[in-house]
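This report concerns only the one structure given below.
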Amino acid sequence: MSPVRVRFAPSPTGFFHIGSARTALFNWLYARHTGGTFILRIEDTDQARDSEEFLRLIYDSLTWLGMDWDEGPNANGIGERGDYGPYRQSQRADVYKLYLEQLQNAGRAYEKDGAIWFKQLGERYTVFDEHRKKEVEKVKSDPVVIDDKIRGRVERAEDEDFVIFRSDGNPVFHFVNVVDDIEMKVTHIIRGEDHLSNTSKHIRLYEGFGVTLPAFAHLPLILKSPGMGQGKMSKRDKGALIEEYRQRHFLPEALVNYLALLGWNPGDDREKMPLAETVRLFDLPAINQSNAKFDSKKLAHMNMVYLLEQPADRFVALAADYFSKQPGGAAALADGAYFREIMLLAQPKIKSIDELAAYTAYFFAEDFPMDEKVRAKVLGKGDPKARLHELMAALPAMDFASDAAIESAIKLLAEGNGLGFGDYQAVARLAVTGTNAGPSITSIFRVLGRDRTLARLLRFAAVA
RNA sequence: GUCCCUAUCGUCUAGCCUGGUCCAGGACACUACCCUUUCACGGUAAGAACCGGGGUUCGAAUCCCCGUGGGGACGCCA
Numbered sequence: 001m002s003p004v005r006v007r008f009a010p011s012p013t014g015f016f017h018i019g020s021a022r023t024a025l026f027n028w029l030y031a032r033h034t035g036g037t038f039i040l041r042i043e044d045t046d047q048a049r050d051s052e053e054f055l056r057l058i059y060d061s062l063t064w065l066g067m068d069w070d071e072g073p074n075a076n077g078i079g080e081r082g083d084y085g086p087y088r089q090s091q092r093a094d095v096y097k098l099y100l101e102q103l104q105n106a107g108r109a110y111e112k113d114g115a116i117w118f119k120q121l122g123e124r125y126t127v128f129d130e131h132r133k134k135e136v137e138k139v140k141s142d143p144v145v146i147d148d149k150i151r152g153r154v155e156r157a158e159d160e161d162f163v164i165f166r167s168d169g170n171p172v173f174h175f176v177n178v179v180d181d182i183e184m185k186v187t188h189i190i191r192g193e194d195h196l197s198n199t200s201k202h203i204r205l206y207e208g209f210g211v212t213l214p215a216f217a218h219l220p221l222i223l224k225s226p227g228m229g230q231g232k233m234s235k236r237d238k239g240a241l242i243e244e245y246r247q248r249h250f251l252p253e254a255l256v257n258y259l260a261l262l263g264w265n266p267g268d269d270r271e272k273m274p275l276a277e278t279v280r281l282f283d284l285p286a287i288n289q290s291n292a293k294f295d296s297k298k299l300a301h302m303n304m305v306y307l308l309e310q311p312a313d314r315f316v317a318l319a320a321d322y323f324s325k326q327p328g329g330a331a332a333l334a335d336g337a338y339f340r341e342i343m344l345l346a347q348p349k350i351k352s353i354d355e356l357a358a359y360t361a362y363f364f365a366e367d368f369p370m371d372e373k374v375r376a377k378v379l380g381k382g383d384p385k386a387r388l389h390e391l392m393a394a395l396p397a398m399d400f401a402s403d404a405a406i407e408s409a410i411k412l413l414a415e416g417n418g419l420g421f422g423d424y425q426a427v428a429r430l431a432v433t434g435t436n437a438g439p440s441i442t443s444i445f446r447v448l449g450r451d452r453t454l455a456r457l458l459r460f461a462a463v464a
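Just so we're aligned, residue 1 is where the first sequence starts under our numbering, counting upward by one.
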């Protein structure tokens, strides 16, 4: 058995979406599992739609997700690697010319309407195609048998000639895809099920070139989320773009973990697992045959689980990176020690990094918003104003050294008035943060410091 | 319309290959309760599925067939 060589072959014609990422991931996982080679090949044969910006997005997205390629084009200064380059189809015209000549010499290519067509072998007949609303010529030939690693044996009987070179002289996907897979010695073609019906064309091409077939594995598709319509997920769907998760500062390892579980599982109940473990267990036969709907809530949960276990330093670094990209975020970063304390308070509370700005806003500004509903609720219960004044009176003498010290001071105050901690907690939180959600009030007091806490209590008491 | 793939809780799925251990297990979501100093986390509990019909068999979620549902392809896009 020759060493595994797989490839991910995107075209830079649009944003990098979740389906592409999953295809890339499964190829990457299979390469790493088998100790094989992961090739990145850019299929930029559509001059009208290709763009350098989208090309960069492919490199950046793969890198962000942690999928390194062993062979591939010169990307972001990495330099071209591999012995079968160039790895951009726009630079491989001479190779395609050679393969075309081979087909022409064998009588398997002909010209029509300025384009070059691949000629199928077999009995020809015409039929009216309801879908295309025109007569088409079909070829009755020996059935093509696809031995699919995921689906088993798939058989297709009908063929049609198809274009391999456009009238503008550029080769078409089916042709270049097969030629490069041959040239680059790809052993396993792992791609979405939407290509399953193309595969018979591709197999005919392999036969035309007289080479042996690679193994095929057609992945189930990722469908729209429940309630978001029918069909496969498209670039236009909410949550479909990798870029979106990157901008929202999702953890790439969480996204990768979620994506790995969309159509594959380790065979037991584990869901959150280290990448190395996924690599160890991943294999083609374990991949599901049916499509899966995308569930952003489950992804969000996975992200939270990963966030929770981040070491303090990494979490603070992630938070700092996030704030640095927020409007006005620089102010929050001004005091590093203060920033760190706040972020660590927030870490166990949030589901994703992009909640941080709103969740911690009151630490960084005095003009934080007041939640009117919460205000009405808190002020409508007991005698919060009295509690507020008792607290303000006690504050100057309070020990702010630790959460525990603040807690016992407030408890002492409460006991003295025949009350409980909770009687002070709600109104103090409202006065100091404007809301009813957040870290413990003692830690907020401590981090804010006595002066700022007292000032906020005073200000609130004045208008309450 | 033609061809191809597919079918277990709302969703992701285990179980199916090698029929009995499954009145079907886990996770997300939802609900309730517990924990609690708010909000989360966490814990416990509840509800929730073998698409339908035929067969094969002592026995079918598991094997076969037919329906139906879902998905894909049918471009001088990839």
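Yeah, the Cβ is synthetic: ideal placement off N, Cα and C, and Gly gets one too.
Beta-carbon spacing of residue i, residue j below 8 Å
i: T278; j: L29; result: yes
i: V95; j: E183; result: yes
i: A9; j: R41; result: yes
i: S51; j: P86; result: no
i: E71; j: T37; result: yes
i: Y245; j: L255; result: yes
i: F173; j: T45; result: yes
i: A317; j: L344; result: no
i: F445; j: T453; result: yes
i: A337; j: P439; result: no
i: I39; j: G107; result: no
i: E43; j: Q89; result: yes
i: P252; j: W64; result: yes
i: I441; j: R459; result: no
6 Å CB neighbourhood of residue i in its chain, flanking five on each side removed
i: D113; result: none
i: V427; result: V378, P384, R387, L388
i: E355; result: none
i: V186; result: R5, R7, P214
i: R156; result: V144, S200
i: V211; result: I182
i: N27; result: V6, F8, I190
i: F282; result: L29, H33
i: N74; result: E80
i: R49; result: T13
i: K232; result: L221, L223
Expected contact under 8 Å - CB spacing of residue i and residue j to nearest Å
i: L219; j: I190; result: 7 Å
i: I150; j: L284; result: 6 Å
i: S352; j: A300; result: 7 Å
i: L259; j: A31; result: The pair is not a contact, with the Cβ atoms about 16 Å apart (cut-off 8 Å).
i: M370; j: L457; result: About 14 Å; that fails the 8 Å criterion.
i: I116; j: L98; result: Not really, about 14 Å apart at Cβ, beyond 8 Å.
i: N177; j: H202; result: 7 Å
i: G322; j: H249; result: The question names Gly, yet the displayed sequence has Tyr at residue 322. Right, the Cβ-Cβ distance comes to about 5 Å (below 8 Å), so this counts as a contact.
i: R124; j: E137; result: 6 Å
Close Cβ partners of residue i (< 8 Å) along its chain, the five nearest in sequence each way excluded
i: E243; result: F15, F16, L57, S61
i: Q120; result: V139, S141, D159, E160, D161, R204
i: D399; result: A405, I406, A409
i: L103; result: A109, F118, I164, G208, F209
i: A414; result: G420, F421, D423, Y424
i: R280; result: H33
i: I350; result: M304, L307, L356, Y359
Close Cβ partners of residue i (< 7 Å) along its chain, the five nearest in sequence each way excluded
i: I342; result: T360, F363, V447
i: A331; result: F364
i: E193; result: H218, L219, P220, L221
i: D148; result: V154, F216, A217, H218
i: P266; result: M273, L281
i: S2; result: T187
i: Y59; result: A75, N76
Just to confirm the assignment: which complete alpha helix (DSSP H) runs, minimum length 4, are found wholly within the stretch 323-392? List check, alpha helix (DSSP H) in window: 329-333, 336-346, 356-364, 372-379.
Examine the Cβ distances between the stretch 223-235 and the stretch 273-288 and report whether three or more of them are shorter than 8 Å. no
Answer yes if the stretch 290-300 comes into contact with the stretch 229-249, meaning at least three C-beta pairs across the two stretches below 8 Å, and no otherwise. As far as the Cβ criterion goes, the stretch 229-249 touches the stretch 290-300, which means the pair count is three or higher.
Mind listing, in chain order, the continuous alpha helix (DSSP H) runs of no fewer than 4 residues lying wholly within the stretch 216-288? 242-247, 252-260, 275-281
Tell me the start and end of each unbroken beta strand (DSSP E) in the stretch 182-206 that is at least 3 residues and wholly inside, in chain order. Qualifying beta strand (DSSP E) stretches, in chain order: 188-192.
Mind listing, in chain order, the continuous beta strand (DSSP E) runs of no fewer than 3 residues lying wholly within the stretch 33-64? Within the stretch 33-64, the complete beta strand (DSSP E) segments of 3 residues or longer fall at 37-40, listed in chain order.
Extract the residue ranges of the alpha helix (DSSP H) inside the stretch 427-462, only unbroken runs of 4 or more that lie entirely within it. 441-448
Would you mind listing the beta strand (DSSP E) stretches within the stretch 389-423 that are 3+ residues and don't spill past its ends, in chain order? none
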